Amino acid sequence: MTTPVPQPGIMDIALYESGQSKVEGVAEVIKLSSNENPRGPSPRAIEAFRATADRLHRYPSTDHAELRTAIGEVHGLDPARIICGVGSDEIINLLCQAYAGPGDEVLQTEHGFSMYRISALAAGASSVSVPERERTTDIDALLAGVTERTKIVFIANPNNPTGTMIGGNALARLAAGLPDHVILVLDGAYAEFVEGYDGGASLVDLHPNVVMTRTFSKLYGLGGLRIGWGYAQKDVIDVLNRIRGPFNLSETQLAAAEAAIRDRDYAADCLAENARLRTWLARALAEMGVPSDTSCANFILARFADRDEAVACDAFLKARGLIVRQVAGYGLPSCLRITIGEERACRLVAEAVRDFLAERRGP
Ligand SMILES: *Cc1c(COP(=O)(O)O)cnc(C)c1O
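Under UniProt numbering, the residues of the sequence shown are numbered 1 to 363, in order.
Here it is in structure tokens:
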């Protein structure tokens, strides 16, 4: 007997590694490994979630009209050109499935998000990565990396795990420089954290081959519920809707997401607190000799002397119940990605890193 053989590419997929949430032998942990909102979702989202409990026997809406309307109102976008998915991961997947296949290339940058590669391989395409410049997306490297086999270019802006971003002029140059047959996906998972940034929506309006993806998992604190969305010109949205599962989102997901995005005051509070604590933590670590690039998101990428020091610091933090993220898998072995938690968590991290360095580097 032989095992059935899957489609080409699938066995090349390395399983996605999610942020750890437990430490053996430590009862109380603080999870700073998945860029979650430390306060959780808006109380209104929780209320909306509960209110769906008596309708669980009913199939959900297939067109997500109410959620798309809410997103459109908040962001000033045309709801007809929005598609909602099971996290933005599903939108990334649908894009690869619809536009890339065997013989095609999907382009990303060296420290780009790992789901791009997973979705490309799952579609039978190959994943190609180009260098970044000082942990920042390099437009010229991306443009130089395009071949006639390239079907999709993915960049996250701001990027995870680097926290860096490129500005509007660079984005416009990338969009204008790509051939028409290449889709540019602007992953805006952290776009909300950048004041005045539209996540690339205006470029979507200008180019039929630009797509923006967004999520409820980060700022809105709904990572556990799985809701994301995409914005593109009508033709692309029509393509994606053909392969989207008609009931991909439950009423519970839809209702919670709508309540979350309509609670602007809660979102504004979370943003202000994130910005304040991010500056504080980055400064505190830098003063100890652990620098980071200016982060545009809800985490910082702390740079240690080398891989050994980063791994040892990670273990030291874990022993105190502080779970951060090693990012060697993203080509950043001497770094740790630390989600901005609540004030107490930030203080505990700074204290722990200080104690660790005193032991390791000496006074
Ligand atoms: C967290 C994250 C996502 C969002 O994932 P969801 O599937 O919406 O939870 C997408 N892209 C990047 C770069 C992320 O960090």
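Yeah, the Cβ is synthetic: ideal placement off N, Cα and C, and Gly gets one too. Bear in mind that the values here come from a model prediction, so they are computed numbers and not experimental data.
Buried or exposed by the 16-neighbour rule on C-beta atoms within 10 Å, applied to residue i
i, result
"A190", "Looking at the sequence shown, residue 190 is not Ala but Tyr. Classification for Y190: buried."
"residue 374", "Residue 374 lies beyond the range of the chain shown here (1 to 363); nothing can be said about it."
"Q7", "exposed"
"S21", "exposed"
"I243", "exposed"
"E192", "buried"
"T90", "The sequence shown places Glu at residue 90, not Thr. Buried, because 16 or more other Cβ atoms sit within 10 Å of the Cβ of E90."
"P131", "exposed"
"F247", "exposed"
"P38", "buried"
"N319", "For the record, residue 319 in the displayed sequence is Ala; it is not Asn. A319 comes out exposed."
"residue 389", "What is shown of the chain runs 1 to 363, which leaves residue 389 out entirely."
"R344", "exposed"
Residue range of the beta strand (DSSP E) that includes residue i
i, result
"T339", "C335 to T339"
"Q108", "E105 to T109"
"R214", "V210 to T215"
"D150", "As written in the sequence, residue 150 is Thr, which differs from the Asp given in the question. Looking at the DSSP string, the run of the beta strand (DSSP E) that includes T150 is T150 to A156."
"L184", "I183 to D187"
"S33", "S33 -> no beta strand (DSSP E), and no H or E assigned at all."
"S127", "S126 to V130"
Integer-rounded CB distance, given that residue j should sit under 8 Å from residue i
i, j, result
"C335", "F304", "7 Å"
"V204", "L178", "With a Cβ gap of about 13 Å, V204 and L178 do not count as contacting."
"N298", "I83", "Not a contact, Cβ separation roughly 25 Å."
"Y220", "A260", "4 Å"
"I323", "K31", "5 Å"
"N35", "N160", "7 Å"
"L67", "E258", "5 Å"
"E309", "R360", "7 Å"
"C96", "V194", "Actually they are not in contact, since the Cβ atoms of C96 and V194 sit about 26 Å apart, beyond 8 Å."
Three-way DSSP call (helix, strand, coil) for residue i in this model
i, result
"T137", "coil"
"C84", "strand"
"L301", "strand"
"Q7", "coil"
"L225", "coil"
"S202", "helix"
"V239", "helix"
"I323", "strand"
"V349", "helix"
"V26", "strand"
"Y59", "coil"
"Y99", "helix"
"Y231", "strand"
"D180", "coil"
"I118", "helix"
"I169", "One point to set straight first is that residue 169 is Asn, not Ile, in the sequence displayed. Correct three-state label for N169: helix."
"C313", "helix"
"T252", "helix"
"G145", "helix"
"I13", "coil"
"F113", "coil"
"P79", "helix"
"L174", "helix"
Contact check, residue i vs residue j, beta carbons under 8 Å
i, j, result
"V210", "A175", "yes"
"Y44", "D269", "What sits at residue 44 in the sequence shown is Arg, not Tyr. Taking 8 Å as the Cβ cut-off, R44 and D269 do not qualify as a contacting pair."
"I340", "A302", "no"
"T213", "G188", "yes"
"L142", "T164", "no"
"K151", "V185", "no"
"A350", "A267", "no"
"E28", "G224", "no"
"A256", "A100", "no"
"P208", "D238", "no"
"A122", "I13", "yes"
"L277", "V86", "no"
"L254", "H57", "no"
"S114", "G329", "yes"
"F316", "A275", "no"
"D198", "R149", "no"
"T215", "S18", "no"
"P41", "L271", "no"
"W229", "I71", "yes"
Alpha helix (DSSP H) segment containing residue i, residue limits
i, result
"R264", "R264 to E287"
"G329", "Counting along the chain, G329 falls outside any alpha helix (DSSP H), and DSSP gives it neither H nor E."
"V74", "A65 to H75"
"F49", "P43 to A51"
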